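For this note's numbering, add 5 to where a residue sits in the sequence shown, where the first one is 1. Quick reminder that beta carbons are idealized off the backbone N, C-alpha and C, glycines included. Every value quoted in this text rests on a predicted model; they were computed, and no experiment measured them.
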Amino acid sequence: MYYLSSPVEKACMRRSSHSNWSACLGTSCASVFLSRQTDDSEDEGPEPSWKSQEDMVRKLQTKFPRLVKEELREVLLEHDWHFEDTLEALRMFSEEGKSFVFHGVSLSLSSSAPQASAHQPGTSSEDEASDDFDDSAEGVELNSDGSDQEVGTGSLVKGQILRFFQEASLDELSLISGCSAKKAQRIVELRPFNEWENLVRGIMNSGNGLSTDLVQGCRVVLRERDVVRSLMTKCEKIANKMMQDVTQVVERDKGSQKQPEILNGKWLKPYQLIGQNWLTLLHQNNLSGILADEMGLGKTIQAISFLASLYQEGNKGPHLLTVPASTLDNWVRELNLWCPRLKVLVYYGSVEDRKYLRYDILNRQVDYNIIISTYALTTSNDNDRSLFRKLKLEYAVFDEGHMLKNMSSLRYRHLMAINAKYRLLLTGTPVQNNLLELMSLLNFIMPDMFSSSTMSSFISCQKSSEEQSSFEMERISHAKLIMKPFILRRVKSEVLKQLPAKEEKVEFCAMSDQQQQLYNALMQKLKGSTNGEKRELTNVMMQLRKMANHPLLHREHYTTTKLAAMSQLMLKEPTHCEADPALIKEDMEVMTDFELHRLCLQYPSIQDYQLNTDMLLDSGKLSLLTQLLASLKNKGDRVVLFSQFTKMLDILEVFLKHLKHHYIRLDGSTPMSDRIVLIDQYNTELDIFVFLMSTKAGGLGINLTSANVVILHDIDCNPYNDKQAEDRCHRVGQTRTVKVIKLISKDSIEDGMLRIGQKKLKLEQDMTASQSQDDEDSIPEDMASLLKASLGL
Numbered sequence: 006m007y008y009l010s011s012p013v014e015k016a017c018m019r020r021s022s023h024s025n026w027s028a029c030l031g032t033s034c035a036s037v038f039l040s041r042q043t044d045d046s047e048d049e050g051p052e053p054s055w056k057s058q059e060d061m062v063r064k065l066q067t068k069f070p071r072l073v074k075e076e077l078r079e080v081l082l083e084h085d086w087h088f089e090d091t092l093e094a095l096r097m098f099s100e101e102g103k104s105f106v107f108h109g110v111s112l113s114l115s116s117s118a119p120q121a122s123a124h125q126p127g128t129s130s131e132d133e134a135s136d137d138f139d140d141s142a143e144g145v146e147l148n149s150d151g152s153d154q155e156v157g158t159g160s161l162v163k164g165q166i167l168r169f170f171q172e173a174s175l176d177e178l179s180l181i182s183g184c185s186a187k188k189a190q191r192i193v194e195l196r197p198f199n200e201w202e203n204l205v206r207g208i209m210n211s212g213n214g215l216s217t218d219l220v221q222g223c224r225v226v227l228r229e230r231d232v233v234r235s236l237m238t239k240c241e242k243i244a245n246k247m248m249q250d251v252t253q254v255v256e257r258d259k260g261s262q263k264q265p266e267i268l269n270g271k272w273l274k275p276y277q278l279i280g281q282n283w284l285t286l287l288h289q290n291n292l293s294g295i296l297a298d299e300m301g302l303g304k305t306i307q308a309i310s311f312l313a314s315l316y317q318e319g320n321k322g323p324h325l326l327t328v329p330a331s332t333l334d335n336w337v338r339e340l341n342l343w344c345p346r347l348k349v350l351v352y353y354g355s356v357e358d359r360k361y362l363r364y365d366i367l368n369r370q371v372d373y374n375i376i377i378s379t380y381a382l383t384t385s386n387d388n389d390r391s392l393f394r395k396l397k398l399e400y401a402v403f404d405e406g407h408m409l410k411n412m413s414s415l416r417y418r419h420l421m422a423i424n425a426k427y428r429l430l431l432t433g434t435p436v437q438n439n440l441l442e443l444m445s446l447l448n449f450i451m452p453d454m455f456s457s458s459t460m461s462s463f464i465s466c467q468k469s470s471e472e473q474s475s476f477e478m479e480r481i482s483h484a485k486l487i488m489k490p491f492i493l494r495r496v497k498s499e500v501l502k503q504l505p506a507k508e509e510k511v512e513f514c515a516m517s518d519q520q521q522q523l524y525n526a527l528m529q530k531l532k533g534s535t536n537g538e539k540r541e542l543t544n545v546m547m548q549l550r551k552m553a554n555h556p557l558l559h560r561e562h563y564t565t566t567k568l569a570a571m572s573q574l575m576l577k578e579p580t581h582c583e584a585d586p587a588l589i590k591e592d593m594e595v596m597t598d599f600e601l602h603r604l605c606l607q608y609p610s611i612q613d614y615q616l617n618t619d620m621l622l623d624s625g626k627l628s629l630l631t632q633l634l635a636s637l638k639n640k641g642d643r644v645v646l647f648s649q650f651t652k653m654l655d656i657l658e659v660f661l662k663h664l665k666h667h668y669i670r671l672d673g674s675t676p677m678s679d680r681i682v683l684i685d686q687y688n689t690e691l692d693i694f695v696f697l698m699s700t701k702a703g704g705l706g707i708n709l710t711s712a713n714v715v716i717l718h719d720i721d722c723n724p725y726n727d728k729q730a731e732d733r734c735h736r737v738g739q740t741r742t743v744k745v746i747k748l749i750s751k752d753s754i755e756d757g758m759l760r761i762g763q764k765k766l767k768l769e770q771d772m773t774a775s776q777s778q779d780d781e782d783s784i785p786e787d788m789a790s791l792l793k794a795s796l797g798l
């Protein structure tokens, strides 16, 4: 059986103790509460096929034509795709003549002509005036004789369309669906359009290559602009009301700040107390937020302190912490260290283990205040996702919240479905100048303010930064303005005057003679075989980066002739005596020189083909690294050495063993249970000189303040990934100056990567902001341009 509560009633109940904010947010942030009484069974049943979903949406749309497909789909989703129950719920509002408020947008469910909307709390007559275009004009149809049929205030619509075609820039004209750059240029050439008839004749003239579809497309663009501006006006009012209170918290004298008494004898730093109190202010006003302090300032501690303050005030959860797998153990440790009063349940383990955990959780056989799990496990399968939809959570906290910057990703949609009153994002990566990213974060923390159709309008015409029209830049500016009160970001230079300095140095390494020859030959080969398509350029870039790091990451030494001889010798091995030498050779052909060298070490029959030490060390970077490590070791420094490539880490292991440097290694293949052990080992056993890490596995949530030197053997396309790696050492608790050394192969692709990275850091614009977080195998546009220039394409 289903229960449907008035969204306004629900909003008022949640905000009853904060009347000012209820008046401001009541309708805008209201959401429909569609709940279903269920038992705590394990399975919810499979989701219907896409075709079935579309059929249900179409049926509902015939009954409620005033609702767009996206809204109907969301209501169906809220009812677990039960068509009759959804229909009944929608009819209840339609029969009573109510306005259905969904995700902050008031929708008329009546199939009759639209009524004048009632004045809503938190809006003004000016707001309603700005909505006139959206509410009144249903369309303008052109007849063959150039006359028009109007619905609503057609003259107003025609005036706006005429003005747009007369004044819009080429970029703005190209926002119209089906309007290519060539068509936009033709429209400009046909100006002026002083009268409606002039516009109609110009468009309908077959010789101009234009069509009347452009007029309807223009109307869509104007509607989107009107929707966005109206929404931004309403949001700015909320933002302005927040700003004064937020400013008071941030600027309040630190002596008035109090941390929770239940913290285990640990003391927060003054700026961390401000962060905790800022989160408390948001909570008191029923708002979610983003804590975006620079990496190393203790976002973990501030979040724990905030949850402890809620516990102390009587709000004992439950809360969900979703974290990267590499930081799970560290979060559990910090929770136990700072606030052992909070009962923590780790949702982790095998499929069978998690099944029993779900049973205990749903049947309340386990006591907890916080559930902590990983991004992978909270979204991995239907049963895991079902658990977090069923639980009634107070807070859902997302560590490394920049993983939620792409609203079109499957991960984003799954995490949006988690049933939590409030959401808190923790990220050390600053918000970038990218509309999709800005709106994804804004929608995630304040979903009640945005319908899916509104979000679609906001980002439907996303373009590259070079092509962004003034309207698109205006939308970015508005989005940043709206997000400002809901984001707190401090950097180390502002709040940690006592933190030791971080010195950065770039070491340009001349490639060895052999390496330089191979690099030049590879460049010539790629020039002749690449057509400039982005997919090919991604591979080109990877090949050049590998050669710039070490020649053994390619297959150059082991020629086809050598492989043929080696494959015959492999038949002497007991494990390969009956194998086909042709197939052995085929397997060898896809291996790198270093992998083939390791194969020679593994099998006695081909040991004579192993590489000598000089070849293993024949790299410009390893030559410089030999001297550099010797100098650092003599000074008593300790080093964290990062590389993007695990195969490069394999070579670095051989290199460190050859130089007799004591080291340990952590990469993506290291089991989660071993990672915290390795980190503790390095922090306590001071005779370990080098911690060898892959940038991705070691770049998130790891504290290595016992080291004071970070060496980046090879840099990332995204400079913020490198900054995350650097800040494993430069963070609260560090007592020595941190040196960051980047190794760059001179006159290689890495030169250009470094220049672009430095430019992006200066602009605080993430190099991969235009790419989704899940698109890890692609390259950004500016890097593609660099490659094309290098290859002469």
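Pairwise C-alpha distance: residue j and residue i
i: Glu690; j: Met593; result: 40 Å
i: Arg394; j: Val226; result: 36 Å
i: Lys321; j: Ser413; result: 33 Å
i: Lys747; j: Ile720; result: 7 Å
i: Pro724; j: Thr434; result: 11 Å
i: Val659; j: His718; result: 15 Å
i: Tyr380; j: Pro329; result: 6 Å
i: Met698; j: Asp692; result: 17 Å
i: Val545; j: Glu600; result: 21 Å
i: Glu266; j: Gln317; result: 8 Å
i: Thr651; j: Thr597; result: 13 Å
Where residue i falls, given that 16 or more other Cβ within 10 Å makes a residue buried
i: Arg733; result: buried
i: Asn368; result: exposed
i: Val645; result: buried
i: Glu442; result: buried
i: Ala173; result: buried
i: His124; result: Caution is warranted here: a pLDDT of 35 is assigned to His124, below 50, making its placement in the model unreliable, and the coordinate value is therefore given only provisionally. With fewer than 16 Cβ atoms within 10 Å of its Cβ, His124 is classed as exposed.
i: Cys344; result: buried
i: Val715; result: buried
i: Gly164; result: exposed
i: Asp655; result: buried
i: Asn199; result: exposed
i: Val371; result: exposed
i: Ala189; result: buried
i: Glu299; result: buried
i: Cys466; result: In this prediction, Cys466 has a pLDDT of 47, which is less than 50 and means its spatial position is unreliable; nothing more can be read from the coordinates.
Which listed residue (the options) has its alpha carbon closest to that of residue i
i: Lys751; options: Leu629, Val371 and Met408; result: Leu629
i: Leu268; options: Ser293, Ile279, Leu315 and Tyr276; result: Leu315
i: Ile192; options: Asn199, Leu204 and Glu200; result: Leu204
i: Ala712; options: Phe694, Ile166, Pro676 and Tyr614; result: Phe694
i: Cys722; options: Val715, Lys551 and Gly762; result: Gly762
i: Arg196; options: Phe170, Ser182, Val356 and His735; result: Phe170
i: Ser572; options: Glu583, Asn688, Asn386 and Lys590; result: Lys590
i: Lys638; options: Leu661, Asn617, Leu657 and Phe403; result: Leu661
i: Asn448; options: Asn424, Thr432 and Tyr417; result: Tyr417
i: Leu161; options: Arg228, Leu549, Leu504 and Ser216; result: Arg228
i: Gln522; options: Ile376, Ser624, Arg741 and Ser293; result: Ser624
i: Asp387; options: Ala702, Gln307 and His419; result: His419
According to DSSP, residues forming a beta bridge with residue i
i: Phe491; result: According to DSSP, Phe491 bridges with nothing at all.
i: Ile306; result: In the DSSP output, where bridge partners are listed per residue, Ile306 has none listed.
i: Glu512; result: Leu748
i: Met698; result: Phe647 and Leu671
i: Lys626; result: In DSSP, Lys626 forms no bridge with anything.
i: Leu430; result: Ile295 and Phe403
Opening and closing residue of the beta strand (DSSP E) in which residue i lies
i: Gly294; result: Gly294 to Leu296
i: Ala584; result: Run containing Ala584: none; DSSP gives neither H nor E here.
i: Ser378; result: Ile375 to Thr379
i: His324; result: His324 to Val328
The alpha helix (DSSP H) enclosing residue i, as first and last residue numbers
i: Tyr417; result: Leu415 to Met421
i: Arg390; result: Asp387 to Lys395
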